[in-house]
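Below: the structure, in structure tokens.
2 protein chains.
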Amino acid sequence: MGTDTTKTLSASEESYIETIGNLIRERGYARVTEIASILNVKPPSVTNMLQKLDEQKYVTYKRYRGVILTKKGRSLAKTLERRHNTLKRFFVMIGVSDENAEKDACKIEHEIDPETAKKLAKFVEFVQSAPRTPPFLEHFTQYLETGERPKECKVKIQIKES
Amino acid sequence: MGTDTTKTLSASEESYIETIGNLIRERGYARVTEIASILNVKPPSVTNMLQKLDEQKYVTYKRYRGVILTKKGRSLAKTLERRHNTLKRFFVMIGVSDENAEKDACKIEHEIDPETAKKLAKFVEFVQSAPRTPPFLEHFTQYLETGERPKECKVKIQIKES
DNA sequence: TAACATTGTTAGCCAAATCTAACAGTTAGC
DNA sequence: GCTAACTGTTAGATTTGGCTAACAATGTTA
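This is the structure:
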């Protein structure tokens, strides 16, 4: 239970939480200047946001003493991280450069509905857990390069029990 | 030529331009109250934005006299519309509800890089221009429903020249 | 341990995009 | 062609999330 006054967070708020999560995972702690440099903002903006996120119980923040995520914050950070990875893998899968895949994942992860995130995750999983690169993906890659749908697409196939 | 002082627009500015474009295409004109109701804002916000977009030459706006798109505005509206359709078709393709596909397309169309938009358009085109629903998509649909990768995926296939 | 360098915070400002309340222009019906 | 109803606009407040400049706490090192 517990009155969950969870108003939805802004993209900006979510980015801070995600960044804090990443830093803590990678380094064990999250510093104001580093958060600032990752998010391309100045340190006072970070302090400001940390105060807001502390009020909303996503982080525990003591001035000059650093910041950690609460349970609520960790849970959100995890969701965002997974969503980010799904998006990025999908974009790379369809031929987007690593750089743009990363950049777009950062933005879109804050916009999509949970249903969409779920379906996309399934799709990426479906493709990537295949025993080998699925033919359709190879064909698509060829299609990207040549503009031509490869011959095999137009060919009769015969299934043989293995 | 012409000094193209095209600073990038905000998601909000783009939404107004897109909405105006849609209304003009569907009805021949775009009214303040209708723009407001589609975008879920109040009329004064619309007036305000129309003035800004007029300064930036995306629309031609005369108080009390309505608004039309400039060439620059039409071009942007067209890009956004195409991007929107691509995104929506993709989301529906992977099993997202029509409602969420629409909603998410609206948000994401303002965030993605042109490269990503292009690759995604190619992907959707690749799938949808196929002579019939590609097997992998059918298999994915089954995977969504049953959680099981269909047998055919695990089977040896043999290509026969037609 | 005192002074300096680094890091973090506060105060106060700004811009974007929204809102409400009050006002102005346009249009339709009588 | 007046007037009421509708539509659109202005003015001014609010919210969010940035910024700079000045200050405070912490940490480092001679």
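Those protein sequences? They're chains V and E, same order as listed. Letter 140 of the first sequence, counting from 1, is numbered 140 in my numbering, and no numbers are missing. Position in the second sequence (first residue = 1) + 1000 = my numbering. Virtual Cβ for every residue (Gly too), placed ideally from N, Cα, C.
query: Which two residues bound the contiguous alpha helix (DSSP H) that contains Lys1007 (chain E)?; result: Element bounds for Lys1007 (chain E): n/a, residue is neither H nor E.
query: Hey, Asp1104 (chain E) and Thr116 (chain V): beta-carbon distance below 8 Å or not?; result: yes
query: Grab me the residues of Glu1102 (chain E)'s own chain with a C-beta within less than 8 Å of its C-beta, minus the 5 sequence neighbours each way, in chain order.; result: Lys1088
query: What does Ile1020 (chain E) touch in chain V if you count any residue whose Cβ is under 7 Å from its own?; result: Ordered by position in chain V, no residue passes the 7 Å Cβ test against Ile1020 (chain E), which lies about 22 Å from the chain.
query: If we count the other Cβ atoms within 10 Å of its Cβ and call it buried at 16 or more, is Lys1042 (chain E) buried or exposed?; result: exposed
query: So the beta strand (DSSP E) Thr1133 (chain E) belongs to, where does it begin and stop?; result: Premise fails: Thr1133 (chain E) is in no beta strand (DSSP E) and is neither H nor E.
query: Between which two residues does the beta strand (DSSP E) containing Gly28 (chain V) stretch?; result: That residue, Gly28 (chain V), is in no beta strand (DSSP E); it is neither H nor E in DSSP.
query: Pick out the complete alpha helix (DSSP H) segments inside the segment 63 to 113 of chain V, 4 residues or longer, and give them in chain order.; result: 71 to 93, 98 to 108
query: Can you list, in chain order, the residues of its chain with a C-beta nearer than 8 Å to that of His84 (chain V)? Leave out the 5 residues immediately preceding and following it.; result: Glu18, Ala105, Cys106, Glu109
query: List, in chain order, every chain E residue whose beta-carbon is nearer than 8 Å to that of Asp104 (chain V).; result: Glu1111, Ile1112, Asp1113, Thr1116
query: What are the residues in the segment 83 to 105 of chain V lying within 8 Å of chain E by C-beta distance?; result: Phe91, Ile94, Gly95, Val96, Ser97, Asn100, Ala101, Lys103, Asp104
query: What's the C-alpha gap between Gln1051 (chain E) and Ala1121 (chain E)?; result: 33 Å
query: Which residue comes first and which comes last in the alpha helix (DSSP H) that contains Pro1044 (chain E)?; result: 1043 to 1055
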